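Following the working numbering, the numbering of the sequence shown begins with 34 at its first residue and continues without gaps.
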Amino acid sequence: MVAVTGPARVLFVGGLGRSGSTLLELILAQHPDVCAVGEVVHLWERALGGDERCGCGERFTACDFWQRVGDHAFGGWDAVDRDEVLALKAEVDRTRHIPQLARGDLPAEQLAAVRRYADLYTRIYRAATEVTGAEVVVDSSKHASLAFALRWAPDLDLRVVHLVRDSRAVAYSWAKQVHRPEVVDSEAYMPTFSPFTVSGLWTAQNAAFHLLAARVPVVRLRYEDFTADPRGTVARVRRFAGLADTADALRVLDEPPVPLVRAHSIAGNPLRFSAGPLKVRQDNAWRENLPARSRAVVSAATLPLRLRYGYLGGGRTNSTEAS
Numbered sequence: 034m035v036a037v038t039g040p041a042r043v044l045f046v047g048g049l050g051r052s053g054s055t056l057l058e059l060i061l062a063q064h065p066d067v068c069a070v071g072e073v074v075h076l077w078e079r080a081l082g083g084d085e086r087c088g089c090g091e092r093f094t095a096c097d098f099w100q101r102v103g104d105h106a107f108g109g110w111d112a113v114d115r116d117e118v119l120a121l122k123a124e125v126d127r128t129r130h131i132p133q134l135a136r137g138d139l140p141a142e143q144l145a146a147v148r149r150y151a152d153l154y155t156r157i158y159r160a161a162t163e164v165t166g167a168e169v170v171v172d173s174s175k176h177a178s179l180a181f182a183l184r185w186a187p188d189l190d191l192r193v194v195h196l197v198r199d200s201r202a203v204a205y206s207w208a209k210q211v212h213r214p215e216v217v218d219s220e221a222y223m224p225t226f227s228p229f230t231v232s233g234l235w236t237a238q239n240a241a242f243h244l245l246a247a248r249v250p251v252v253r254l255r256y257e258d259f260t261a262d263p264r265g266t267v268a269r270v271r272r273f274a275g276l277a278d279t280a281d282a283l284r285v286l287d288e289p290p291v292p293l294v295r296a297h298s299i300a301g302n303p304l305r306f307s308a309g310p311l312k313v314r315q316d317n318a319w320r321e322n323l324p325a326r327s328r329a330v331v332s333a334a335t336l337p338l339r340l341r342y343g344y345l346g347g348g349r350t351n352s353t354e355a356s
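Here's what the structure looks like:
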């Protein structure tokens with residue numbers, strides 16, 4: 034065990050789901066100076082409530098990593114009042130609260146609630162660092178409201194990667210039915226959303242991270258650029274996180290590819306259960322298969338930010354995914 038004396042350093046991956054956060058997190062997790070914990074925002078419902086599978090393949094209660102984290106953070110997960118945490122989450126962690134959380138100060142009562150909530154995550158991040166000896170914890174929760182709450186944590190070195198993907202590709206992905214292999218006792222699938230709903234979520238989440246950049250360090254990353262140059266992008270993200278440049282951190286991208294080290298991730302894309310090797314391939318399916326009406330709806334509804342990010346016309350930028 035490594036004692037952490039200063040603020041826990043956290044790289045928070047933000048944006049809307051289906052934008053490549055699991056892929057980025059998985060690549061970063063291949064070096065021991067990074068501990069990737071997945072979407073911690075879902076821990077309370079899916080891990081504590083549903084005992085779902087960790088990215089390592091074990092159920093939450095059977096995962097040695099998460100049990101050790103619980104011991105270090107709270108004296109055991111049994112000490113956590115899940116209902117109380119969910120009530121606090123409902124009070125603090127909502128998109129509608131972002132304008133207040135973005136302010137320079139908060140009323141004392143609200144500040145106390147936000148800090149109680151952020152402290153839960155801070156304890157988990159610190160415990161993960163102590164258990165693994167990693168320098169940085171990666172949380173791919175993505176939710177802007179959680180990132181805004183975490184900025185009020187006094188003992189957290191928070192750095193944010195704002196991950197953006199073409200809104201039309203995101204809409205196409207959210208229309209597909211995706212199985213959730215982490216659910217053991219029943220068949221479960223990720224939710225699906227209409228193009229109109231995705232457009233609103235895409236705009237709200239991405240706009241929020243522009244606002245957050247005035248308060249904490251934020252680097253913006255386009256998924257298409259990341260997958261076109263994963264080696265250069267991961268090196269850039271590591272530098273932003275304060276990690277040393279080392280060739281070992283990029284070995285997973287070498288040819289021939291090496292086996293993957295699974296991350297102890299809570300929730301996320303099924304890619305996190307892959308044993309590898311990791312390969313990157315072009316995936317332009319949305320350009321051919323996204324219905325014309327859906328394309329028109331998303332293109333119009335997301336136009337201002339889409340143009341700002343360089344997603345023009347029919348979407349000429351190459352897009353790739355891991356297989």
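Cβ atoms here follow ideal geometry from the backbone N, Cα and C, with glycine treated the same way.
The model shown is predicted, which means the values in this text are computed figures rather than measured ones.
Fully enclosed alpha helix (DSSP H) runs of no fewer than 4 residues occupy 228-245, 256-261 and 263-273 of the segment 226-277, in order along the chain. Look at residue 184 here: in three-state DSSP terms it is coil, with no helix or strand label. In the structure shown, residue 295 falls within a coil segment according to DSSP collapsed to helix, strand and coil. When 67, 44 and 97 are compared, the shortest CA-CA separation from residue 282 is found for 67. Ranking 52, 53, 56 and 61 by CA distance to the CA of residue 43 puts 61 first. DSSP places residue 216 outside both helix and strand once states are collapsed to three, so it counts as coil.
Residues of the same chain with a CB within less than 8 Å of the CB of residue 167, apart from the 5 flanking positions on each side, are 65, 66, 67, 68 and 161 in chain order.
With fewer than three CB-CB distances shorter than 8 Å, the segment 104-111 does not count as touching the segment 209-218. For residue 153, the uninterrupted alpha helix (DSSP H) run begins and ends at 141-165, by DSSP. Out of 38, 49, 86 and 37, the CA that lies nearest to the CA of residue 236 is found in 49. In the DSSP assignment, residue 45 falls within the unbroken beta strand (DSSP E) covering 41-47. In the structure shown, residue 205 adopts helical secondary structure according to DSSP, grouped into three states.
Spanning the alpha carbons of residue 72 and residue 173 requires a straight line of approximately 5 Å.
Under the 8 Å Cβ criterion, the segment 308-321 counts as touching the segment 286-296, having at least three qualifying pairs. When the five nearest sequence neighbours on each side are left out, the beta carbons in the same chain lying within less than 8 Å of the beta carbon of residue 222 are those of 210, 211, 212 and 213, in order along the chain. Approximately 5 Å separates the beta-carbon atoms of residue 196 and residue 52; this is inside 8 Å, confirming the contact. CA-CA distance, residue 146 to residue 153, rounds to 11 Å. Cβ atoms of residue 177 and residue 242 come within 8 Å of each other, at about 6 Å. Remark: C-beta atoms of residue 345 and residue 239 do not approach each other more closely than 8 Å. In the DSSP assignment, residue 343 forms no beta bridge with any residue.
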